[in-house]
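Notes for the one structure printed next.
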Amino acid sequence: MNNNIYCIDLGTCNIKVFCKSTGKILNEKNAIAIVNKNQMYAFGNEAYAMYEKAPEKINVTFPIINGVIADFNNVQNMIFEFLESRAKCKIHGAEYIVAVPTDITEVEKKAFFDLFYKSKAKPKNVQLCEKPIADAAGLGLDVNEPTGVMVVDIGADTTEISVISLGGLVLSDLLHFGGNRIDESIISYIRRNYNLVIGQKTAKSLKERLGSGLPGREETMVIVGRDLVSGLPIELEISAETIYEAIKDNLNSICNSIKMILEKTPPEVAKDIIHSGIYITGGASQIQNLDELFTQITNIRVNTCEKPEESVVRGLMKIIADEKNKHLMFNMKTRILK
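Numbers given in the numbering used here equal positions in the sequence shown, counted from 1, plus 1.
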């Protein structure tokens with residue numbers, strides 16, 4: 002009998018899986034390469050390596066868009082191929098704990114449930130858990146305490162700002178905005194100011210290596226793009242100050258959303274947040290000095306963590322490890338019957 006448990010965070014950019022039987026976290030790109038319209042050619046990091054480089058017959062896509070499933074069949078095929086080939090654990094009869102965003106429809110939540118419940122794996126059980134709750138648990142916080150906590154999860158396509166207390170959400174806001182939008186701003190800025198066309202991967206590298214929440218960084222990076230005037234590929238040195246100018250409006254949008262949530266927060270919960278600080282997580286939260294920017298805007302201490310892109314899946318691990326956390330998960334089938 003299979004008693005294995007999988008904790009899964011299906012992010013827009015990366016898929017994170019914890020397999021209880023091996024005790025390891027797998028973290029790969031949430032990309033899939035398709036040939037002949039429906040045949041899977043590659044997935045994960047292999048598919049991402051083909052992105053922006055593949056010929057016409059190979060279509061590389063990201064099947065999760067804005068935090069929800071955009072291509073059900075391909076996501077389902079990819080996730081179980083991923084579990085069998087990477088985790089190398091039995092998938093039949095296992096339990097699946099899946100993290101879902103909060104501010105999405107019941108239909109979209111059911112799609113996450115059906116992804117596993119209506120699959121070839123014939124799972125023993127499928128449970129869902131809201132991402133902010135898992136995030137807080139992954140940050141080492143006791144989510145069952147009557148203490149207010151603010152978590153800002155900046156992902157690839159979404160930014161989720163949540164205030165949590167007693168294992169539930171006091172306030173939550175899901176912005177359809179994240180690291181990908183910041184990459185697009187860098188592409189637009191460099192095209193507009195330098196007449197240079199660059200790809201999404203180059204923009205992502207610039208964000209990760211030169212991006213900053215505050216001005217003043219002095220590093221530079223040499224990139225290659227296509228010159229709009231000559232049409233030829235050229236090298237160009239880009240400064241950190243240029244990247245700051247490209248992304249500052251995007252970061253200010255997140256700051257404004259945090260302030261709006263704080264304005265709506267009940268006074269007693271706000272008092273707890275001032276004492277504990279704001280917690281930031283998610284892959285795009287690794288931009289340098291982002292915590293200092295948020296502190297300047299809110300006058301509240303900002304806490305960071307190691308490997309912030311894995312905080313959700315680490316939280317799911319902690320939730321299943323403790324019996325008192327059972328109420329933090331829910332079964333979509335039971336919810337529908339109610």
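Idealized CB from N, CA, C, for every residue including glycine.
Inset, instruction - Taking 8 Å as the threshold, find out whether the stretch 305 to 318 comes into contact with the stretch 8 to 16 through three or more Cβ pairs. - result: yes
Legend entry - Burial state of Leu116 (16 or more Cβ within 10 Å): buried
Legend entry - Sub-9 Å separation of Ile298 and Lys272 beta-carbons: no
Legend entry - Cβ neighbour criterion (16 or more within 10 Å) applied to Ala32: buried
Legend entry - Endpoints, beta strand (DSSP E) assigned at Val36: 33 to 36
Inset, instruction - Measure the C-alpha to C-alpha separation of Ile1 and Lys91 and round it to an integer number of angstroms. - result: Since the first residue shown for the chain is 2 and the last is 339, residue 1 is missing from the structure and cannot be characterised.
Inset, instruction - Put Ala100 into one of helix, strand or coil per three-state DSSP. - result: strand
Legend entry - Euclidean distance between Cα positions of Ser277 and Val150: 7 Å
Inset, instruction - Kindly identify the DSSP beta-bridge partner or partners of Glu131. - result: Val101
Legend entry - C-alpha gap between Glu146 and Ala157, whole angstroms: 30 Å
Inset, instruction - For Leu229, I'd like the list of residues in its chain whose CB is within less than 6 Å of its CB, leaving aside the five on either flank, ordered along the chain. - result: Asn196
Legend entry - Cut-off 7 Å between Cβ atoms - residues of its own chain near Ile337, not counting five sequence neighbours on either side: Because Ile337 sits at a pLDDT of 46, beneath the cut-off of 50, its placement in the model cannot be relied upon, and the following sentence gives the value as read from the coordinates. For Ile337, where only same-chain residues beyond five positions count, there are no Cβ hits under 7 Å.
Inset, instruction - Can you say whether Val108 is buried or exposed, counting buried as having 16 or more other CB atoms within 10 angstroms of its CB? - result: exposed
Legend entry - Buried/exposed call for Val223, threshold 16 Cβ in 10 Å: exposed
Inset, instruction - Starting from Tyr280, follow the beta strand (DSSP E) in both directions and report where the run begins and ends. - result: 279 to 282
Inset, instruction - Run the CB neighbour count on Lys208, radius 10 Å, all protein chains shown included, and call it buried at 16 or more, exposed below. - result: buried
Legend entry - Other residues of its chain near Gly284: CB distance less than 8 Å, five sequence neighbours each side excluded: Gly12, Cys14, Asn15, Ile155, Gly156, Ala157, Gly180, Pro309, Glu310
Inset, instruction - Say yes only if the C-beta of Gln128 is nearer than 8 Å to one or more non-hydrogen atoms of the ligand NAP, and no if none qualify. - result: With respect to small molecules bound, the structure shown includes none, and the ligand NAP cannot be examined in it.
Inset, instruction - For Lys17, I'd like the list of residues in its chain whose CB is within less than 8 Å of its CB, leaving aside the five on either flank, ordered along the chain. - result: Ile9, Asp10, Ile26, Leu27, Asn28, Glu310, Glu311, Val313, Val314
Legend entry - N- and C-terminal bounds of the beta strand (DSSP E) containing Ser186: Unbroken run through Ser186 is the alpha helix (DSSP H), 180 to 195; no beta strand (DSSP E).
Legend entry - Three-state class that DSSP yields for Val230 in the structure shown: coil
Inset, instruction - Would you check if there are 3 or more beta carbon pairs closer than 8 Å linking the stretch 130 to 142 to the stretch 70 to 77? - result: no
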